[in-house]
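In the numbering used here, the protein residues as written are 377 to 503.
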(Lines of atoms letter the chains of each structure in order from A and count residues from 1; the text may use other names and numbers.)
(Lines give C-alpha, C1' and ligand atoms only; values in the text may rest on other atoms or scores of the structure.)
Protein backbone atom coordinates (compact mmCIF):
# COMPACT_ATOMS: atom_id res chain seq x y z
CA UNK A 1 0.00 0.00 0.00
CA UNK A 2 1.47 3.33 -1.09
CA UNK A 3 0.30 5.21 2.01
CA UNK A 4 1.91 2.77 4.46
CA UNK A 5 5.17 2.81 2.52
CA UNK A 6 5.15 6.60 2.42
CA UNK A 7 4.48 6.85 6.18
CA UNK A 8 7.39 4.50 6.88
CA UNK A 9 9.65 6.56 4.62
CA UNK A 10 8.59 9.75 6.40
CA UNK A 11 9.40 8.93 10.00
CA UNK A 12 7.15 6.11 11.24
CA UNK A 13 9.19 2.99 10.40
CA UNK A 14 6.90 0.58 12.31
CA UNK A 15 3.79 1.51 10.32
CA UNK A 16 2.38 -1.76 8.94
CA UNK A 17 0.60 -2.46 5.67
CA UNK A 18 -3.07 -3.07 6.58
CA UNK A 19 -4.58 -6.39 5.58
CA UNK A 20 -7.37 -6.09 2.98
CA UNK A 21 -10.52 -4.90 4.72
CA UNK A 22 -8.74 -4.47 8.05
CA UNK A 23 -8.40 -1.35 10.13
CA UNK A 24 -5.25 0.69 10.12
CA UNK A 25 -2.61 -0.26 12.73
CA UNK A 26 -4.06 0.36 16.23
CA UNK A 27 -0.60 0.50 17.81
CA UNK A 28 0.31 3.75 16.07
CA UNK A 29 -0.20 7.02 17.97
CA UNK A 30 -2.06 9.03 15.34
CA UNK A 31 -1.63 12.19 17.43
CA UNK A 32 2.15 11.91 17.66
CA UNK A 33 4.17 14.63 15.93
CA UNK A 34 5.96 11.96 13.85
CA UNK A 35 2.71 10.49 12.50
CA UNK A 36 1.15 13.90 11.86
CA UNK A 37 4.24 14.96 9.90
CA UNK A 38 4.25 11.70 7.92
CA UNK A 39 0.50 11.89 7.25
CA UNK A 40 0.88 15.43 5.94
CA UNK A 41 3.74 14.34 3.68
CA UNK A 42 1.67 11.39 2.42
CA UNK A 43 -1.75 13.02 2.09
CA UNK A 44 -1.76 12.59 -1.69
CA UNK A 45 -1.71 8.79 -1.28
CA UNK A 46 -3.79 8.59 1.93
CA UNK A 47 -6.72 6.21 1.46
CA UNK A 48 -10.11 7.82 1.99
CA UNK A 49 -11.28 5.79 5.00
CA UNK A 50 -8.29 6.96 7.02
CA UNK A 51 -8.71 10.68 6.56
CA UNK A 52 -8.84 12.45 9.90
CA UNK A 53 -8.85 16.05 11.03
CA UNK A 54 -9.76 18.12 14.04
CA UNK A 55 -13.41 18.32 12.95
CA UNK A 56 -13.66 14.54 13.41
CA UNK A 57 -13.11 14.98 17.15
CA UNK A 58 -16.32 17.03 17.28
CA UNK A 59 -18.31 14.48 15.30
CA UNK A 60 -20.24 12.33 17.75
CA UNK A 61 -20.87 8.64 17.18
CA UNK A 62 -24.61 9.36 17.06
CA UNK A 63 -24.10 11.94 14.31
CA UNK A 64 -21.79 9.58 12.42
CA UNK A 65 -24.54 6.96 12.52
CA UNK A 66 -27.04 9.54 11.22
CA UNK A 67 -24.60 10.37 8.44
CA UNK A 68 -24.21 6.67 7.57
CA UNK A 69 -27.98 6.17 7.51
CA UNK A 70 -28.34 9.24 5.32
CA UNK A 71 -25.70 7.96 2.90
CA UNK A 72 -27.51 4.61 2.69
CA UNK A 73 -30.87 6.27 2.05
CA UNK A 74 -29.35 8.55 -0.59
CA UNK A 75 -27.93 5.93 -2.92
CA UNK A 76 -25.00 4.23 -1.16
CA UNK A 77 -26.84 1.24 0.38
CA UNK A 78 -23.73 -0.51 1.71
CA UNK A 79 -22.27 2.57 3.45
CA UNK A 80 -21.14 1.29 6.88
CA UNK A 81 -21.81 2.60 10.35
CA UNK A 82 -18.65 3.87 12.05
CA UNK A 83 -16.45 1.23 13.64
CA UNK A 84 -15.37 1.34 17.30
CA UNK A 85 -12.63 3.87 16.48
CA UNK A 86 -15.16 6.12 14.73
CA UNK A 87 -13.84 5.44 11.22
CA UNK A 88 -15.94 4.44 8.23
CA UNK A 89 -14.41 1.36 6.59
CA UNK A 90 -15.68 1.51 3.04
CA UNK A 91 -15.98 -1.60 0.91
CA UNK A 92 -14.19 -1.60 -2.42
CA UNK A 93 -17.60 -1.18 -4.07
CA UNK A 94 -18.26 2.10 -2.20
CA UNK A 95 -16.23 4.34 -4.48
CA UNK A 96 -16.20 7.95 -3.26
CA UNK A 97 -15.41 9.21 -6.77
CA UNK A 98 -18.70 8.00 -8.29
CA UNK A 99 -21.54 10.44 -9.08
CA UNK A 100 -23.86 8.44 -6.81
CA UNK A 101 -21.49 8.76 -3.83
CA UNK A 102 -20.89 12.47 -4.48
CA UNK A 103 -24.63 13.14 -4.63
CA UNK A 104 -25.22 11.26 -1.36
CA UNK A 105 -22.34 13.04 0.37
CA UNK A 106 -23.74 16.42 -0.66
CA UNK A 107 -27.23 15.43 0.57
CA UNK A 108 -25.83 14.34 3.95
CA UNK A 109 -23.57 17.31 4.73
CA UNK A 110 -25.89 18.47 7.52
CA UNK A 111 -24.79 15.45 9.58
CA UNK A 112 -21.11 16.48 9.51
CA UNK A 113 -19.41 19.15 11.62
CA UNK A 114 -18.09 22.15 9.74
CA UNK A 115 -14.60 21.52 8.44
CA UNK A 116 -15.01 17.79 7.86
CA UNK A 117 -13.17 16.89 4.65
CA UNK A 118 -14.95 15.26 1.78
CA UNK A 119 -14.42 11.52 1.41
CA UNK A 120 -13.98 12.15 -2.29
CA UNK A 121 -10.24 12.05 -2.99
CA UNK A 122 -8.70 14.84 -4.99
CA UNK A 123 -7.13 13.72 -8.22
CA UNK A 124 -4.27 16.23 -8.32
CA UNK A 125 -1.45 14.81 -10.37
CA UNK A 126 -3.55 11.88 -11.63
CA UNK A 127 -4.84 11.55 -15.15
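No residue lacks a Cβ here, since even glycine has one placed at the ideal position from N, Cα and C.
Per DSSP, the continuous alpha helix (DSSP H) segment holding residue 441 begins and ends at 437-449. Taking all protein chains in view, the Cβ of residue 476 is surrounded by fewer than 16 other Cβ atoms within 10 Å, so the residue is classified as exposed. It is roughly 8 Å from the alpha-carbon of residue 393 to the alpha-carbon of residue 381. Around the beta-carbon of residue 459, fewer than 16 other beta-carbon atoms lie within 10 Å, marking it exposed.
Below 8 Å, enough C-beta pairs join the stretch 441-450 and the stretch 477-488 to call them touching: three or more. Put simply, the stretch 382-391 touches the stretch 406-417. At least three CB pairs are less than 8 Å apart.
Counted as a single uninterrupted DSSP element, the alpha helix (DSSP H) harbouring residue 382 occupies residues 378-385. Counting every other CB atom within 10 Å of its CB across the protein chains shown gives residue 488 a total of 16 or more, marking it as buried.
Shown here for residue 422: same chain residues with a beta carbon closer than 6 Å to its own, the five before and five after excluded, namely 379 in chain order.
Only residues of its own chain outside the window of five on either side were considered, and among them 484, 487, 488 have a CB closer than 7 Å to the CB of residue 443, listed in chain order. Cβ atoms of residue 386 and residue 413 come within 8 Å of each other, at about 7 Å. Residue 406 is positioned such that its CB atom lies no closer than 8 Å to that of residue 388.
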